[in-house]
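K.L.:
Residue numbers for the sequence shown follow my numbering, so the first one is 2 and each next one is one higher. Below you'll find the structure I mean.
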Amino acid sequence: MVTPRPRVPYATAMKSYLLAALLVTAAPALAQQSLSTLPPPVVTDPKVAAIRDNALDNDHYAWDVVEGLTTEVGQRLAATDAEARARDWAVRRLKAMGFANVRIEPFEMPVWTRGAESAEIVSPFPQKLVVAALGYSGSTGPAGITGRIAYFDSVDALRAAPDSAVRGKIVFIDHHMMPAQDGSGYGQFGAPRRQGPTIASLKGAIGIVVRSIGTDHHRNPHTGVQYFTDGAKPIPAGALTVPDAEQLVRILKRGQPVVMHLTLVSQKSEGGHSGNVIAEVPGRDPNAPILLLGGHLDSWDQGTGAIDDASGVAIVTAAAKHIMDAGRPQRTIRIVWFGAEEPGGFGGIAYAKAHGTERYGIAGESDFGADRVWRFSSQLMKTDPAAYAQLTAALAPLGITRNDKGEGDGTDVDPTIQAGAPWVSLNQDGTRYFDYHHTPDDTLDKIDPEQLRQNVAAWTTVLAVLSGGIESGPKQPKRR
Ligand SMILES: [Zn+2]
Numbered sequence: 002m003v004t005p006r007p008r009v010p011y012a013t014a015m016k017s018y019l020l021a022a023l024l025v026t027a028a029p030a031l032a033q034q035s036l037s038t039l040p041p042p043v044v045t046d047p048k049v050a051a052i053r054d055n056a057l058d059n060d061h062y063a064w065d066v067v068e069g070l071t072t073e074v075g076q077r078l079a080a081t082d083a084e085a086r087a088r089d090w091a092v093r094r095l096k097a098m099g100f101a102n103v104r105i106e107p108f109e110m111p112v113w114t115r116g117a118e119s120a121e122i123v124s125p126f127p128q129k130l131v132v133a134a135l136g137y138s139g140s141t142g143p144a145g146i147t148g149r150i151a152y153f154d155s156v157d158a159l160r161a162a163p164d165s166a167v168r169g170k171i172v173f174i175d176h177h178m179m180p181a182q183d184g185s186g187y188g189q190f191g192a193p194r195r196q197g198p199t200i201a202s203l204k205g206a207i208g209i210v211v212r213s214i215g216t217d218h219h220r221n222p223h224t225g226v227q228y229f230t231d232g233a234k235p236i237p238a239g240a241l242t243v244p245d246a247e248q249l250v251r252i253l254k255r256g257q258p259v260v261m262h263l264t265l266v267s268q269k270s271e272g273g274h275s276g277n278v279i280a281e282v283p284g285r286d287p288n289a290p291i292l293l294l295g296g297h298l299d300s301w302d303q304g305t306g307a308i309d310d311a312s313g314v315a316i317v318t319a320a321a322k323h324i325m326d327a328g329r330p331q332r333t334i335r336i337v338w339f340g341a342e343e344p345g346g347f348g349g350i351a352y353a354k355a356h357g358t359e360r361y362g363i364a365g366e367s368d369f370g371a372d373r374v375w376r377f378s379s380q381l382m383k384t385d386p387a388a389y390a391q392l393t394a395a396l397a398p399l400g401i402t403r404n405d406k407g408e409g410d411g412t413d414v415d416p417t418i419q420a421g422a423p424w425v426s427l428n429q430d431g432t433r434y435f436d437y438h439h440t441p442d443d444t445l446d447k448i449d450p451e452q453l454r455q456n457v458a459a460w461t462t463v464l465a466v467l468s469g470g471i472e473s474g475p476k477q478p479k480r481r
């Protein structure tokens, strides 16, 4: 899917023109007065604009990374051999691109892997449904479990139910998530997946299925992490596809008891290995605060993790490479391909433990697909208003508006931000993100190369504005 470059819609342009004309003819004094109270103009450094526009028009680095990683490695489930192959791939690629100080920083974590999974209605209308285990799901064992369905339309409804309504049954939680540009539904409607299994277990359920936390109507289940907390014993926990969840609701509405046979065979063990891959564009001033950008290298295991999050590591790496191509920044740019984000942000925590006390100019990450950036926000609004104004001006030609009410987000850099790093957030268009998120459909073809380049241009702009100035490298001496 290719969308046109962001530009001012004709109707909006006409409206502002008419308004300006009205102000000038009807109330010239008023127009002049308001102009004189405006803050001084912010003009983007032509060098920054040129680096940005070159990334927008010509970037191929991001596509090369996302295409290479998803093709040559594929899925990269945390703490598995696949993720280790991905780290080796990353080191080779980052070195080949000319980055300095390329290294792996390893850490240990539990490893969870998926086994056989199936769900079927035994009665009243026998039929198969499509299901996927959630991360850290308990195992049914190969024989599976059979139980009556206890239906709830929300996590709160489950929480309010007496234990007797749940004990010995398979809980099913429904919800009504809708697509949204800012992806805000994921927070609230993700509760069935995140909290449902623990509540169901504490009330004595033998298993749980939730409607996938997704906005599509394809028969792809959406996996994702959940934890058993508060001493809850792990029970089998899965996600039904959206069409299968709707089918189950229709069957339940017929009023007869519904019995499901559920098989989710999965394994968890301690002592798994993961790691962060780190690379730098060294700054001219080694003591200047670091510009930290990241994405995560691991993925769920059904698709190839193209939009979650090969595109993210590709975008920030390409942005750093554009600065490297332009010359030497004053501040060091550090790129991190975080390990094991999906099962609980292990890489971000390990990174902050090792590097959280270093000085940062900014910390940000790209982890919301590859559709265009439409809005940004940053703590610099308060701590460095001049830099914030520069960012606002330099990002505007990419169709990006500032959001003065924004806040830092992102699992990977959050522990470093908590340790004191100032944050920057570039919000990507999430309208179709949850159609593919954590499904077998998270594959390369979902990435629109033009929107990917706009993302690269946006992060390149952030780095260029905050670089402290980029000096062209020494010219190669001419051969005589
Ligand atoms: Zn992600």
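Quick reminder that beta carbons are idealized off the backbone N, C-alpha and C, glycines included.
Classify Asn59: buried if its beta carbon has 16 or more other beta carbons within 10 angstroms, exposed otherwise.
P.N.:
As a working note, residue 59 is residue 58 in the sequence shown. Exposed: under 16 other Cβ atoms inside 10 Å.
K.L.:
Please work out which residues of its chain come closer than 6 Å, Cβ to Cβ, to Ala233, disregarding the five sequence neighbours upstream and downstream, and give them in chain order.
P.N.:
Along the sequence shown, one-based indexing puts residue 233 at 232. Within the same chain, Ala233 has close Cβ partners Thr199, Ser202 and Leu203.
K.L.:
Using the three-state DSSP reduction, which class does Thr199 fall into: helix, strand or coil?
P.N.:
The residue you call residue 199 lines up with position 198 of the sequence shown. Helix.
K.L.:
In three-state DSSP terms, what is Thr26?
P.N.:
Mapped onto the sequence shown, residue 26 falls at position 25. Only weak support is given to the placement of Thr26: the predicted model assigns it a pLDDT of 43, under 50, and the value that follows is read from those uncertain coordinates. Thr26 falls in the helix class under three-state DSSP.
K.L.:
For Glu109, which of helix, strand or coil comes out of DSSP?
P.N.:
For the purposes of this step, residue 109 is identified with residue 108 of the sequence shown, where counting begins at 1. Glu109 falls in the strand class under three-state DSSP.
K.L.:
Is the closest heavy atom of ligand 1 to the C-beta of Asp299 under 6 Å?
P.N.:
Position 298 of the sequence shown, counted from the start, is the residue given in the question as residue 299. Not under cutoff, so the answer is no.
K.L.:
Do you know how far the Cα of Arg88 is from the Cα of Glu109?
P.N.:
Your numbering for residue 109 matches position 108 in the sequence shown. Your numbering for residue 88 matches position 87 in the sequence shown. Near 15 Å, if we compare the C-alpha coordinates of Arg88 and Glu109.
K.L.:
Lys269 to Ala83, Cα distance in whole Å?
P.N.:
Within the sequence shown, the letter at position 268 stands for residue 269. Within the sequence shown, the letter at position 82 stands for residue 83. Approximately 16 Å between the Cα atoms of the pair.
K.L.:
Check whether the Cβ atoms of Pro237 and Gly139 sit closer than 7 Å, and answer yes or no.
P.N.:
The residue labelled residue 237 in the question sits at position 236 within the sequence shown. The residue labelled residue 139 in the question sits at position 138 within the sequence shown. Cβ atoms of Pro237 and Gly139: closer than 7 Å.
K.L.:
From which residue to which residue does the beta strand (DSSP E) around Arg376 run?
P.N.:
Numbered from its first residue, the sequence shown carries residue 376 at position 375. Counting along the chain, the beta strand (DSSP E) containing Arg376 begins and ends at Val374 to Ser379.
K.L.:
Within a Cβ cutoff of 6 Å, which residues of the same chain sit near Thr45, ignoring the five residues on either side of it in sequence?
P.N.:
In the sequence shown, the residue the question calls residue 45 occupies position 44. Cβ within range, chain order: Ala394 and Ala395.
K.L.:
Would you list the residues whose beta-carbon is nearer than 5 Å to any heavy atom of ligand 1, in the order they occur in the chain?
P.N.:
That query returns the following residues: Asp309, Asp310 and Asp368.
K.L.:
Would a C-beta distance cut-off of 7 Å place Ala458 and Ala56 closer than the cut-off?
P.N.:
Counted from its first residue, the sequence shown places residue 458 at position 457. Counted from its first residue, the sequence shown places residue 56 at position 55. For Ala458 and Ala56, yes; Cβs fall inside 7 Å.
K.L.:
Could you say which of His297, Leu253 and Thr462 lies nearest to Phe126 if we only look at CA atoms?
P.N.:
Translated into the one-based positions of the sequence shown, residue 126 becomes position 125. Checking every option, the nearest Cα to that of Phe126 belongs to Leu253.
K.L.:
Distance check for Leu39 and Thr26, CA to CA, integer angstroms please.
P.N.:
Your numbering for residue 26 matches position 25 in the sequence shown. Your numbering for residue 39 matches position 38 in the sequence shown. Residue placement at Thr26 cannot be trusted, given a pLDDT of 43 that sits under 50; the coordinates are not used to answer.
K.L.:
Can Asp286 and Glu342 be called in contact, C-beta distance under 7 Å?
P.N.:
Indexing the sequence shown from 1 puts residue 286 at position 285. Indexing the sequence shown from 1 puts residue 342 at position 341. Their beta carbons are not under 7 Å apart, which means Asp286 does not touch Glu342 by this criterion.
K.L.:
Over the uninterrupted beta strand (DSSP E) stretch that includes Asn221, give me the two end residues.
P.N.:
The sequence position of residue 221 within the sequence shown is 220, counting from 1. Element bounds for Asn221: n/a, residue is neither H nor E.
K.L.:
Does the segment 303-322 come into contact with the segment 447-458, if we say contact requires no fewer than three beta-carbon pairs (one atom in each stretch) closer than 8 Å?
P.N.:
Because the criterion of three Cβ pairs below 8 Å is met, the segment 303-322 and the segment 447-458 touch.
K.L.:
Counting Cβ pairs closer than 8 Å, one from the segment 331-347 and one from the segment 399-410, do we hit at least three?
P.N.:
As far as the Cβ criterion goes, the segment 331-347 does not touch the segment 399-410, which means the pair count is below three.
K.L.:
For Gly186, which of Thr384, Ile171, Tyr434 and Ile279 has the nearest alpha-carbon?
P.N.:
For the purposes of this step, residue 186 is taken as the residue at position 185 of the sequence shown. Looking at the Cα atoms, Tyr434 is the closest of the given residues.
K.L.:
Quick one: what's got a C-beta closer than 7 Å to Ala91's C-beta in the same chain, skipping five residues either side?
P.N.:
Counted from its first residue, the sequence shown places residue 91 at position 90. Excluding positions up to five away in sequence, the list reads Val278, Leu298 and Trp338.
K.L.:
Is Tyr361 near Ala422, with beta carbons less than 7 Å apart?
P.N.:
On the sequence shown, residue 361 is found 360 positions in, with the first residue counted as 1. On the sequence shown, residue 422 is found 421 positions in, with the first residue counted as 1. In contact: Tyr361 and Ala422 (Cβ atoms closer than 7 Å).
K.L.:
Considering Tyr434, what are the terminal residues of the alpha helix (DSSP H) in which it resides?
P.N.:
By 1-based counting over the sequence shown, the position of residue 434 is 433. Looking at the DSSP string, the run of the alpha helix (DSSP H) that includes Tyr434 is Tyr434 to Tyr437.
K.L.:
For the segment 420-472, which segments carrying the beta strand (DSSP E) assignment without a break, of at least 3 residues, lie completely within its bounds, in sequence order?
P.N.:
Complete beta strand (DSSP E) runs here, min 3: 425-429.
K.L.:
Below 8 Å, how does it come out for the segment 428-442 and the segment 207-227: are there three or more Cβ pairs, yes or no?
P.N.:
Yes: the two stretches touch, three or more of their Cβ pairs being nearer than 8 Å.
K.L.:
Give the secondary structure of Ala321 by DSSP, where H, G and I count as helix, E and B as strand, and everything else as coil.
P.N.:
Residue 321 sits at position 320 when you count from the first residue of the sequence shown. Note: Ala321 maps to helix in three-state DSSP.
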